[in-house]
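For the protein sequence lines, the chains are F and R, in the order given.
Every number in the numbering used here is 90 more than the matching position in the first sequence, counting from 1.
Every number in the numbering used here is 90 more than the matching position in the second sequence, counting from 1.
Protein chains: 2
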Amino acid sequence: MSPKEEEFKNRKTQILEAAAALFAEYGYYKTTTADVAQAVGVTQPYVFHFFKSKEALYLAVLEQASQRILHAFSTAEAPRAQLAEAMGQAFADLLATHRNEILLVMMSFATPEPAVREYSQREFDNVYERVKSRFEQAGIPEPGIQASDFIGKGLTIALSETLNLPKLLPWNNRHEKSCD
Amino acid sequence: MSPKEEEFKNRKTQILEAAAALFAEYGYYKTTTADVAQAVGVTQPYVFHFFKSKEALYLAVLEQASQRILHAFSTAEAPRAQLAEAMGQAFADLLATHRNEILLVMMSFATPEPAVREYSQREFDNVYERVKSRFEQAGIPEPGIQASDFIGKGLTIALSETLNLPKLLPWNNRHEKSCD
DNA sequence: GGTTAATTATTTATAGATCAATAAATATAC
DNA sequence: GTATATTTATTGATCTATAAATAATTAACC
Chain F
91 MSPKEEEFKN
101 RKTQILEAAA
111 ALFAEYGYYK
121 TTTADVAQAV
131 GVTQPYVFHF
141 FKSKEALYLA
151 VLEQASQRIL
161 HAFSTAEAPR
171 AQLAEAMGQA
181 FADLLATHRN
191 EILLVMMSFA
201 TPEPAVREYS
211 QREFDNVYER
221 VKSRFEQAGI
231 PEPGIQASDF
241 IGKGLTIALS
251 ETLNLPKLLP
261 WNNRHEKSCD
Chain R
91 MSPKEEEFKN
101 RKTQILEAAA
111 ALFAEYGYYK
121 TTTADVAQAV
131 GVTQPYVFHF
141 FKSKEALYLA
151 VLEQASQRIL
161 HAFSTAEAPR
171 AQLAEAMGQA
181 FADLLATHRN
191 EILLVMMSFA
201 TPEPAVREYS
211 QREFDNVYER
221 VKSRFEQAGI
231 PEPGIQASDF
241 IGKGLTIALS
251 ETLNLPKLLP
261 WNNRHEKSCD
């Protein structure tokens, strides 16, 4: 998108995007409303014209990201034997296209703001139930355990991306005998 | 421990313990040095007599907790077929005896303070290498993948404990056919 | 089509609160 | 009465949020 088009995208959207990037990198507390404003090119108090509080802004980002994740897991399709892999791929695609949002969601559980905690709780519960239900529908045995493992892999990916520890990535570890 | 004995435990230890509990519950940013001081029963500036900064205090807690975790994974012993389970049990024991510290370590990767990030990076790298190496030594195939999975389970437990989502716990999901 | 009025977009100024950190003073124990 | 433990007083920085002022845009009328 050219700088000119960027100008025309409405401010609320610009603020949401800048906030997603900053919150994902610096977290809730170390990102100031002034940082967000500066990234967009407006003054700090103007942010409050679109979001009634910093918390409301964060929750708006979190909600958008959550819906994207749930949608991805809901729409991935594959026969029983490849369903988990297909859903993993859907997650990887999302990580490639909306990295900020995804990492934000995965780390939000560690943000001790009550409203954020509550939202995270519902979100992870939703994801778990959806994934489990899809595994169930596909006739995969022990869908609950599979769904837990699936979330565990997602958390590991977020950890690995956040701390720059690629060796933690599950999918890079296949065929490790080829080198000592 | 009685309140009188508590008095005699040296202040530095008291501060460390209070900080562990508070940081684990409220995180780095929402825990103030005044909160820590109040929990111990001293004045806020006195905390700085023992730790040169709030960050130094947090890192001291993190270091203690990290060593405990690494030690637990290093000393758990079992024959090949039960090694992973034994190490999981060691983690569960630690969670029971030092819940605050453990949750703090598992969530620290989401604390965007550079020094904390660096410490977390080394810590997770150490844990991964140690676990992998133990699996290797025991002759377990694909030790790297197993170690990643192991960390993923730990993260899932931390998530489940933090957000009060017991259904995410891997070990509760066994035998789920008994009730629909 | 140019002037004015109304509406919307955005800024300036600033209040009010919170916190980490320093330095100097004081109490306590030996 | 010296050393150690702890407090008082305070500074300076940072940040969210509000309210009032101004600039820019659109609409209306003649």
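Glycine included, C-beta positions come from ideal geometry on N, C-alpha and C.
Query, Result
"Return the CA-CA distance between residue 175 of chain F and residue 225 of chain R, expressed in angstroms with no decimal places.", "25 Å"
"Taking the straight line between their C-alpha atoms, what separation do you get for residue 135 of chain F and residue 243 of chain F?", "40 Å"
"Starting from residue 144 of chain R, find everything on chain F with Cβ-Cβ shorter than 9 Å and list it in chain order.", "Under the 9 Å cutoff, chain F gives no residues; its nearest Cβ is about 13 Å from residue 144 of chain R."
"So for residue 254 of chain R, helix, strand or coil by DSSP?", "coil"
"Is the beta carbon of residue 149 of chain F sitting closer than 9 Å to the one on residue 196 of chain F?", "no"
"Can you have a look at residue 133 of chain R and say buried or exposed, based on whether 16 or more other CB atoms are within 10 angstroms of its CB?", "exposed"
"May I ask you to list, following chain order, the residues of the segment 182-200 of chain R that have a beta carbon less than 8 Å from some beta carbon of chain F?", "197, 199, 200"
"I need the straight-line Cα distance from residue 170 of chain R to residue 198 of chain F, nearest angstrom please.", "37 Å"
"Pick out whichever of R/100, R/241, R/234 has its Cα sitting closest to the Cα of residue 178 of chain R.", "R/241"
"Hey, would you say residue 162 of chain R sits closer than 9 Å to residue 186 of chain R, going by beta carbons?", "no"
"Enumerate in chain order the residues of its own chain whose CB-to-CB distance from residue 125 of chain R is below 6 Å, with the five nearest sequence positions on each side excluded.", "112"
"By the 10 Å Cβ neighbour count, where 16 or more other Cβ atoms means buried, how is residue 143 of chain R classified, buried or exposed?", "exposed"
"At the level of alpha carbons, what is the spacing between residue 92 of chain F and residue 252 of chain F?", "With a pLDDT of only 34 at residue 92 of chain F, under the threshold of 50, the placement of this residue in the model should not be trusted; the figure read from the coordinates follows. Looking at the two C-alpha atoms, the distance is approximately 29 Å."
"Counting only C-beta atoms, is residue 136 of chain R closer than 9 Å to chain F at any point?", "no"
"Between residue 189 of chain F and the ligand GDP, is the CB less than 8 Å from at least one heavy atom?", "The ligand content of the structure shown is nil, which means the ligand GDP is not present either."
"Using a Cβ-Cβ cut-off of less than 8 Å, list which residues of the segment 242-264 of chain R approach chain F; keep chain order.", "242, 243, 245, 246, 249, 252, 253, 254, 255, 257, 258, 259, 260, 263, 264"
"Anything in chain F within Cβ reach of residue 178 of chain R, meaning under 8 Å, just list it in chain order.", "Simply none; closest approach about 13 Å."
"So within the segment 109-152 of chain F, which uninterrupted alpha helix (DSSP H) runs reach at least 4 residues, ignoring any that extend past its ends?", "123-130, 137-140"
"Compare the Cα-Cα distances from residue 166 of chain F to each of F/151, F/153, F/184 and report the closest residue.", "F/184"
"Taking Cβ positions only, does residue 229 of chain F come closer than 9 Å to chain R?", "no"
"Does DSSP classify residue 103 of chain R as helix, strand or coil?", "helix"
"Between the segment 116-136 of chain R and chain F, which residues of the former have CB atoms less than 7 Å from a CB of the latter, in chain order?", "116, 117, 119, 120"
"When the Cα atoms are used, what is the spatial distance from residue 130 of chain R to residue 214 of chain R?", "31 Å"
"According to the neighbour-count rule (16 or more other Cβ atoms, all chains shown, within 10 Å of its Cβ), is residue 121 of chain F buried or exposed?", "buried"
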